[in-house]
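S.K.:
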Amino acid sequence: MENSAKDTILIGDQVTLKFRSNILKGEKFVFPDMKNPVTEGVELISQPITDTISVDGNSVNLESRVVVTSFDSGSYKLPSFTAYKFKIDGTVDTLNFEGGELEVTTIQIDTSSFQPFEVKDQMNYPFTIKEVMPWVGIILFVVLLLLLITRTVKKIRERKNLFGKGAELEPPHIIALKKLESLREQKLWQKNQKEFFTNVTDILREYLEFRFEMQAMEKTSNEILSELSVLNLDKEVLKQLSELFRIADFVKFAKHSAETEECEHAVPMAVRFINSVYVRQIEEEKEAEEKENKPKGGV
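To convert, note that position 6 of the sequence shown is 396 in the working numbering; the numbers rise steadily by one, no gaps.
1. Going by C-alpha to C-alpha distance, which of V641, A606, F602 and S666 sits closest to K629?
2. Since L492 and A473 are thought to touch, with beta carbons under 8 Å apart, how far apart are those beta carbons, to the nearest angstrom?
3. State the beta-bridge partners of I672 as determined by DSSP.
4. Cα separation between Q605 and S619?
5. Within 10 angstroms of its Cβ, does E674 collect 16 or more other Cβ (buried), or is it exposed?
6. Mind checking who D441 pairs with in its DSSP beta bridge?
7. Below 8 Å between beta carbons: does that hold for S454 and P438?
8. Span of the beta strand (DSSP E) holding Q404?
9. Express the C-alpha separation of V627 and I413 in angstroms, rounding to a whole number.
10. Would you say V420 lies against chain D (beta-carbon separation less than 8 Å)?
11. From Q580 to F586, what does the alpha carbon distance come to, in whole angstroms?
12. Counting along the chain, where does the alpha helix (DSSP H) carrying E633 start and finish?
13. Give me the Cα-Cα distance between I614 and L570, rounded to the nearest whole angstrom.
14. Could you tell me which residues DSSP puts in a beta bridge with L400?
15. Compute the Euclidean distance between the alpha carbons of S449 and K415, then round it to the nearest angstrom.
16. Once DSSP output is grouped into helix, strand and coil, what is the label at K610?
17. To the nearest angstrom, how far is it from the Cα of I664 to the Cα of I443?
18. Apart from the five residues just before and just after P658, which ones in its own chain have a Cβ nearer than 6 Å to its Cβ?
19. Just to confirm, are T588 and K625 a CB contact at a threshold of 8 Å?
20. How far does the beta strand (DSSP E) with N589 in it reach, from first residue to last?
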């Protein structure tokens, strides 16, 4: 019997626990459904699935797989898992598989080397003057007013709280992850899928506005994905984000009823995207620092 489970994962990621066993031809192997959560802090994503991996004469080698995840960082001792082998003579053997330990980590922020960066200028897109000429004066006034209000509010939040003391805001990815965790605990999708997917995508849009300064709350899903596609982000993570937005749009606008698995994977997919963006941000900052500190005029 073998457990080939990975022992360390990022918060919100999934890990497959694998258990191997052996039976004789004519015997029956049963791995019963497990309770959820598996243990406090570790949740079950899929029930045990058992496949035959090889047959050697009268011997059959089996592999059972269980997928779990966790949204809380820490070390977890997984319980032992029980399966049953029904032998040809009518007796039943109980098989116990050791669950092992699972370490769930979150991205650590190196505050000692953190350096604030200036806010980038607002990205502007060209307009067709001929189409908007009658309203250009009003639009310019409103845009300037909104920019002034946005910058003022942002500075107030960064430097002052309501009592005039310095206020330290949490990084955008931490705020988003906390909101997603709170939403997951509510299990809102079981009551109202439309409201659930609206909340998931709104949290992502707010995060994108803070992280990339794009007007994500005012853009369609396709417009957001189009802007993200030109950034140096993980292609697989972007593909998962595209699938999440597609399901959310169907539920919100086409009265589509999402599958249980699609609902359960929505928050982990959003968490995985945010973690991926933050990892890339750290890498870019490190590359910029190394480039800045590199001696000039070298051979």
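From the three backbone atoms N, C-alpha and C, an ideal C-beta is built for every residue, glycine too.
M.R.: So, to answer that:
1. Numbered from 1 along the sequence shown, position 239 holds the residue referred to as residue 629. The residue with the shortest Cα to Cα distance from K629 is S666.
2. Counting from 1 along the sequence shown, the entry for residue 492 is found at position 102. Counting from 1 along the sequence shown, the entry for residue 473 is found at position 83. 20 Å between Cβ atoms; not a contact.
3. Residue mapping note: residue 672 aligns to position 282 of the sequence shown, counting from 1. I672 pairs with nothing; no bridge assigned.
4. Translated into the one-based positions of the sequence shown, residue 605 becomes position 215. Translated into the one-based positions of the sequence shown, residue 619 becomes position 229. So the alpha carbons of these two residues sit roughly 16 Å apart.
5. Counting from one through the sequence shown, the residue named residue 674 turns up at place 284. Burial call: exposed.
6. For the purposes of this step, residue 441 is taken as residue 51 along the sequence shown, with counting starting at 1. Paired residues: E453.
7. In the sequence shown, residue 454 corresponds to position 64, counting from 1. In the sequence shown, residue 438 corresponds to position 48, counting from 1. It is a contact, given that the beta carbons lie within the stated cut-off.
8. Locating residue 404 in the sequence shown gives position 14, counting from the first residue. Looking at the DSSP string, the run of the beta strand (DSSP E) that includes Q404 is Q404 to L414.
9. The sequence position of residue 413 within the sequence shown is 23, counting from 1. The sequence position of residue 627 within the sequence shown is 237, counting from 1. About 40 Å.
10. Among the chains of the structure shown, chain D does not appear; only one protein chain is present.
11. Indexing the sequence shown from 1 puts residue 580 at position 190. Indexing the sequence shown from 1 puts residue 586 at position 196. Answer to the nearest angstrom: the Cα atoms are 9 Å apart.
12. Position 243 of the sequence shown, counted from the start, is the residue given in the question as residue 633. Run containing E633: K625 to F643, per the alpha helix (DSSP H) assignment.
13. One-based indexing of the sequence shown puts residue 614 at position 224. One-based indexing of the sequence shown puts residue 570 at position 180. Looking at the two C-alpha atoms, the distance is approximately 19 Å.
14. Stepping through the sequence shown from its first residue, residue 400 is reached at position 10. T495, per the DSSP bridge assignment.
15. Walking along the sequence shown from the start, residue 449 turns up at place 59. Walking along the sequence shown from the start, residue 415 turns up at place 25. If you take the alpha carbons of S449 and K415, they lie about 6 Å apart.
16. Working through the sequence shown from its first residue, we reach residue 610 at position 220. For clarity, residue 610 is Thr in the given sequence; the question names Lys instead. Three-state result, T610: coil.
17. Locating residue 664 in the sequence shown gives position 274, counting from the first residue. Locating residue 443 in the sequence shown gives position 53, counting from the first residue. Going by the C-alpha atoms only, they are around 37 Å apart.
18. Position 268 of the sequence shown, counted from the start, is the residue given in the question as residue 658. Contacts found: G402.
19. Along the sequence shown, read from residue 1 onward, the residue named residue 588 stands at position 198. Along the sequence shown, read from residue 1 onward, the residue named residue 625 stands at position 235. The answer is no: Cβ separation not under 8 Å.
20. If you number the sequence shown from 1, residue 589 lands on position 199. From DSSP, N589 is part of no beta strand (DSSP E) but of the alpha helix (DSSP H) over Q583 to F602.
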